Amino acid sequence: MFDRVARRYDLLNRVMTVGLDGRWRERAAAAADVSAGGSALDVCCGTGDLALALHRRVTASGRVAGVDFSENMLELARAKASAAEADIAFVQGDALALPFGDGEFDASTVAFGIRNVADLDGCLREMARVVRPGGRVVVLEITMPAKLQAFYGAWFDRLVPVMGRVLGDDGAAYGYLPASVKRFPGPRDLASRMAGAGLTDIRWRLFAAGIIALHYARVPR
19 MFDRVARRYD LLNRVMTVGL DGRWRERAAA AADVSAGGSA LDVCCGTGDL ALALHRRVTA
79 SGRVAGVDFS ENMLELARAK ASAAEADIAF VQGDALALPF GDGEFDASTV AFGIRNVADL
139 DGCLREMARV VRPGGRVVVL EITMPAKLQA FYGAWFDRLV PVMGRVLGDD GAAYGYLPAS
199 VKRFPGPRDL ASRMAGAGLT DIRWRLFAAG IIALHYARVP R
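Per this note's numbering, numbering through the sequence shown is continuous, rising by one, with the last residue being 239.
Okay, structure coming up:
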């Protein structure tokens, strides 16, 4: 499915979020708490926007990698990195078996991708595994606030699949989005799952009237 939508993925993201998705990714990069010379891994990296935001923070003296199972998404990510003259290693891989060593990075991030992983807890454990003690794990994801359920019904169940058909030529793929959001844990439950993965100092912030949740936590020292 993600290989099919890759070509129009960025356009649809911009339209669906009214152009705010870039700002949220910048906040996720800030929450990773990395700086010049640091290192970060972006999981389910898609077309590479968060990886590029992380690269701007670690600069050319640091290291950023991105992993995704969709080769079409990775091709677009590599093209973006090349255009930005950013040395980012984009590799095809499984979020449940990350192809990196223990404690290899200062931070790991995931933006709008973890709800699509078959084993949420396993993914969180892998993200924690590849981060050094004291480093950060960051999760940026769509959530469903109770007060806006009527809006969700109109926007996600009806309008998003229509936009997928009109702009992306694939309404079925974007019909999957509402279901994936509805079954994903809410902010408090996600924080509990992060604790279950061994993370500490777990915090979260909500954006866009509670529709977007940014969680960040530490790997124990």
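In this text, a Cβ means the ideal position worked out from N, Cα and C, and glycines have one as well.
Since this is a predicted model, take the numbers as computed values, not measurements.
Straight-line spacing of the CA atoms in R96 and A78 works out to 16 Å. Here E44 has A71 as same chain residues with Cβ atoms under 8 Å from its own Cβ, once five neighbours each way along the sequence are excluded.
In this structure the region 102 to 110 does not touch the region 127 to 143; the number of beta carbon pairs closer than 8 Å is below three. Taking the Cα positions, M162 is about 30 Å away from E89. Apart from sequence neighbours up to five positions away, the residues of its chain that approach V237 with a beta-carbon distance below 6 Å are A146, V149, P151, G153, ordered along the chain. Given a length threshold of 4 residues, each whole run of the alpha helix (DSSP H) inside the region 51 to 132 is given here in chain order: 67 to 76, 89 to 101. In this structure L116 is in contact with E144, their Cβ atoms being roughly 5 Å apart against a cut-off of 8 Å.
Taking a C-beta distance under 8 Å as the contact criterion, K98 and T65 qualify as a contact pair. DSSP places L142 inside the alpha helix (DSSP H), whose first and last residues are 138 to 147. Cβ-Cβ distances below 7 Å link P203 to R211 in the same chain, with the five nearest sequence neighbours on each side left out; the list follows chain order.
Straight-line measurement puts the Cα of A48 at about 16 Å from the Cα of R81.
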